[in-house]
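Residue numbers (the working numbering): 57 to 476.
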Amino acid sequence: MMQLVRGFRDILPQDISVWQEIEETTKKHFENFGFAEIRPPVVEQSELFSRSIGDMTDIVEKEMFTFPGSRGKMISLRPEATASVVRAYIQHHLYAQDPVRKLYTIGPMFRRERPQKGRYRQFYQINAELFGEKSPYADARLICMAWTLFEKLSVSGLMLHLNSLGCPECRPGFRDALHSVISEKKELLCADCRRRMDKNPMRVLDCKVPGCREALASAPKMADFLCHECKDHFARVTGALKDMNIPFEIDPRLVRGLDYYTRTAFEVQTDALGAQNAVAGGGRYDGLVKALGGPDTPAIGFAVGMDRLVEVITASRDVSLHGPDLFVALIGESAVKLGSKWACGLSTAGIKTETDFTSKSLKALMRRAGRLGASYVLIAGDNELASGEAILRNMKAKTQTPVPLTELVESVATLLKNRE
57 MMQLVRGFRD ILPQDISVWQ EIEETTKKHF ENFGFAEIRP PVVEQSELFS RSIGDMTDIV
117 EKEMFTFPGS RGKMISLRPE ATASVVRAYI QHHLYAQDPV RKLYTIGPMF RRERPQKGRY
177 RQFYQINAEL FGEKSPYADA RLICMAWTLF EKLSVSGLML HLNSLGCPEC RPGFRDALHS
237 VISEKKELLC ADCRRRMDKN PMRVLDCKVP GCREALASAP KMADFLCHEC KDHFARVTGA
297 LKDMNIPFEI DPRLVRGLDY YTRTAFEVQT DALGAQNAVA GGGRYDGLVK ALGGPDTPAI
357 GFAVGMDRLV EVITASRDVS LHGPDLFVAL IGESAVKLGS KWACGLSTAG IKTETDFTSK
417 SLKALMRRAG RLGASYVLIA GDNELASGEA ILRNMKAKTQ TPVPLTELVE SVATLLKNRE
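Encoded structure:
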C-alpha cells in the first residue's frame, strides 16, 4: 500500500470545513480593508529567496526544496510568500497603476524542516502585503486587520507581541553592542547561535534554546538604540493600537526570522499551542522592493499559519462534517429514473442533495440517510408514483409532508429554504 511522503498530509473531507471557513472569512475581511487577491506560483528562482530572506537564515541554508532548473539556474518551492509577491509587484509594474497596492494570497509553502506536531513540510499560509505606505498608522491598521480576523474566527487566548527593529541608520550600533555581549557568552551558546553570531547576531535573540536565552538575559535592547525617527514611528504605532483597544506586549527579543524586516515587527501568539505558539507574524520591510530591483518602496505585511490556526479552532468547537440537506430515497427502477433528474435539479437549486441509485429497500436507504446526517429525506417508490405525491420526511422532527410530483424540484426547494 502506498503511503504519504513523510512530513506531508492529506486534509480529509471531515476536516475541510474549518479550512474553507478560514479562507472565506479571510477573503471577505481582507477585501473590506481594500486588499486584492494575487496568486503567485509555488516555484521561483532560488536566488529570489536567498536575496530576500537572507543567506544566513535556516530557511535558505537548510530548509528549501531546491532543484536544478533550465540553463543551470536553481529553482525552489517557495518557503514563504512575501518574496514572491514582491517579485510580482516589481515584474508587473503594479506600482505604476497605483503607488499604494494591497495584496493578499492564500496557499501552500514548503520547507524541509524536521516534521513535528503542528509543523509539516507542506504547510499553508495567509499572507497580506501593503506597498507604498510608510505611515505608522498603516502599521497599526494592518495589525488591526490581522487581530480582527482572529476575532471574526472566534479565536481567543491571544496576545500581540510587538517590537521595533530599527532602521539601517540605528541598527548597526545595536548589532555591535549585541555582538560584543554574544562574544563574551559564546561558550554558553548552541552551535546555531555560534554560527550566526558574526553575520546575523540579531537572530541569536530569537533562539528558543533555554541555555541561550538564559545566557543572553542581559543582552542590550534595540529600544535603547533607536534613532529619533524610529522612536517616533514606534510610539505612533503603539499609540494607535491603544486607541483601537488592541492589547499588546513589548517584546525586546522579538526579531522575526527573516533578514528583510525593519522597524515594526509583530507576532500574534496563542496560549493553546504550547511551545510553538505563534499563529501570525510580520512587520515592516521598507528596503526589500528596492533590494530586489524595484523602486524604493515602503512596505509592511504579515503571514498567518493556517495549520496552527485550524488546530486552535478545532480544539475549541465541534467541527464535525455537516450532512446533506436532503437525501433522495428511491425504490424501484421507475423512481430511480425520475430521481436522477430530481437530485440534479435540487442540487442546482442550491439544496445539498445526496441519493442512492442501487434500488435498496426503504429501510436500508433510511439507514444510509441517517449515517450521512441528512436533515430531510425525499421518499419515492412505486406507490408514490402511482399516487402522484412523494413524501418529504423531517429527520429531526419525525414529521412527513406530501409533495406533488409535478414541479417537485421547485416545491421541495421552496419548502427546505423556507424552513432554514
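Positions of the beta carbon are idealized from the N, C-alpha and C atoms, including for glycine.
**Message:** Rounded to the nearest angstrom, what separates Gly222 and Glu87 at their Cα positions?
**Reply:** Taking the sequence shown and counting its residues from 1, one reaches residue 222 at position 166. Taking the sequence shown and counting its residues from 1, one reaches residue 87 at position 31. Their backbone Cα atoms lie some 30 Å apart in a straight line.
**Message:** Under 8 Å: do the stretch 274-286 and the stretch 212-232 share three or more Cβ pairs, one atom per stretch?
**Reply:** Three or more pairs of CB atoms, one per stretch, sit closer than 8 Å, so the stretch 274-286 contacts the stretch 212-232.
**Prompt:** To which residues of the same chain is Ala391 closer than 8 Å at the C-beta, ignoring the five residues directly before and after it?
**Reply:** The residue you call residue 391 lines up with position 335 of the sequence shown. Around Ala391: Ala436, Gly437, Asp438, Glu440, Leu441.
**Item:** Pairwise C-alpha distance: Leu159 and Arg319
**Value:** Numbered from 1 along the sequence shown, position 263 holds the residue referred to as residue 319. Numbered from 1 along the sequence shown, position 103 holds the residue referred to as residue 159. Answer to the nearest angstrom: the Cα atoms are 21 Å apart.
**Message:** If you measure between the beta carbons of Val74 and Val384, is that distance less than 8 Å?
**Reply:** Numbered from 1 along the sequence shown, position 18 holds the residue referred to as residue 74. Numbered from 1 along the sequence shown, position 328 holds the residue referred to as residue 384. No, they are not a contact pair.
**Prompt:** How many angstroms separate the CA atom of Arg387 from the CA atom of Phe413?
**Reply:** What you label residue 387 is simply residue 331 of the sequence shown in a count that begins at 1. What you label residue 413 is simply residue 357 of the sequence shown in a count that begins at 1. Note that residue 387 is Ile in the sequence shown, not Arg. Looking at the backbone, the Cα of Ile387 and that of Phe413 are separated by about 9 Å.
**Asked** If you scan the stretch 95-176 from start to end, which runs of the beta strand (DSSP E) of 3 or more residues do you find wholly inside it?
**Response** Complete beta strand (DSSP E) runs here, min 3: 99-101, 122-124, 130-133, 157-166.
**Request:** Go through its chain and collect everything with a Cβ distance to Pro354's Cβ below 7 Å, but skip five positions before and after it.
**Result:** As a position in the sequence shown, residue 354 is number 298, starting the count at 1. Result list for Pro354: Gly188, Glu189, Lys190, Asp342, in chain order.
**Message:** For His378 and Gly429, I'd like the C-alpha separation in whole angstroms.
**Reply:** On the sequence shown, position 322 is the one that residue 378 refers to. On the sequence shown, position 373 is the one that residue 429 refers to. The straight-line gap from Cα to Cα measures roughly 7 Å.
**Request:** Could you have a look at His217 and say whether DSSP puts it in helix, strand or coil?
**Result:** Mapped onto the sequence shown, residue 217 falls at position 161. Taken through DSSP and simplified to helix, strand or coil, His217 comes out as strand.
**Message:** So, under 8 Å CB-CB, Ile146 and Gly426 are touching, yes? Tell me the CB distance rounded to an integer number of Å.
**Reply:** Within the sequence shown, numbered from 1, the residue matching residue 146 stands at position 90. Within the sequence shown, numbered from 1, the residue matching residue 426 stands at position 370. With a contact defined as Cβ atoms closer than 8 Å, Ile146 and Gly426 miss out at about 57 Å.
**Asked** For Asp327, is the classification buried or exposed, using 16 other Cβ atoms within 10 angstroms of its Cβ as the cut-off for buried?
**Response** Position 271 of the sequence shown, counted from the first residue, corresponds to residue 327. Exposed, because fewer than 16 other Cβ atoms sit within 10 Å of the Cβ of Asp327.
**Prompt:** Are Val237 and Leu272 touching if we call contact CB-CB under 8 Å?
**Reply:** In the sequence shown, residue 237 corresponds to position 181, counting from 1. In the sequence shown, residue 272 corresponds to position 216, counting from 1. Cβ atoms of Val237 and Leu272: closer than 8 Å.
**Request:** Please determine if the stretch 355-364 and the stretch 191-209 are in contact, where contact requires at least 3 C-beta pairs separated by less than 8 Å.
**Result:** These segments touch.
**Asked** With 16 other CB atoms within 10 Å as the buried threshold, where does Lys129 fall?
**Response** Here residue 129 refers to the residue found at position 73 of the sequence shown. Counting Cβ neighbours within 10 Å, Lys129 comes out exposed, since fewer than 16 surround it.
**Asked** Cα separation between Pro276 and Met362?
**Response** Here residue 276 corresponds to residue number 220 of the sequence shown, with the count starting at 1. Here residue 362 corresponds to residue number 306 of the sequence shown, with the count starting at 1. Distance between the alpha carbons of Pro276 and Met362: 34 Å.
**Asked** In this structure, does DSSP put Ile407 in helix, strand or coil?
**Response** Taking the sequence shown and counting its residues from 1, the one referred to as residue 407 is at position 351. Ile407: coil per DSSP, three-state reduction.
**Prompt:** Anyone know if the C-beta pair for Leu261 and Val324 falls short of 8 Å?
**Reply:** Translated into positions along the sequence shown, residue 261 becomes position 205. Translated into positions along the sequence shown, residue 324 becomes position 268. Not in contact: Leu261 and Val324 (Cβ atoms no closer than 8 Å).
**Asked** What is the C-beta distance between Leu448 and Val468, in whole angstroms, given that I count them as a contact (C-beta under 8 Å)?
**Response** Within the sequence shown, the letter at position 392 stands for residue 448. Within the sequence shown, the letter at position 412 stands for residue 468. A Cβ-Cβ separation of about 6 Å places Leu448 in contact with Val468 under the 8 Å criterion.
**Request:** Please name the residue in Glu185, Lys454, Gln153 whose C-alpha comes closest to that of Ile162.
**Result:** Reading the sequence shown from its first residue, position 106 is the one you call residue 162. The residue among Glu185, Lys454, Gln153 with its C-alpha nearest the C-alpha of Ile162 is Glu185.
**Identified DSSP bridge partners for Val211** = As a first step, residue 211 must be located in the sequence shown, where it is residue number 155. Answer is none; Val211 lacks a bridge partner.
**Request:** Go through its chain and collect everything with a Cβ distance to Trp398's Cβ below 7 Å, but skip five positions before and after it.
**Result:** Residue 398 sits at position 342 when you count from the first residue of the sequence shown. Val384, Leu464, Val465, listed in sequence order.
**Prompt:** Between Glu445, Thr411, Gly406, which lies nearest to Asn48 when the distance is taken from Cα to Cα?
**Reply:** Limits of the chain in this structure are 57 at one end and 476 at the other, which puts residue 48 out of reach.
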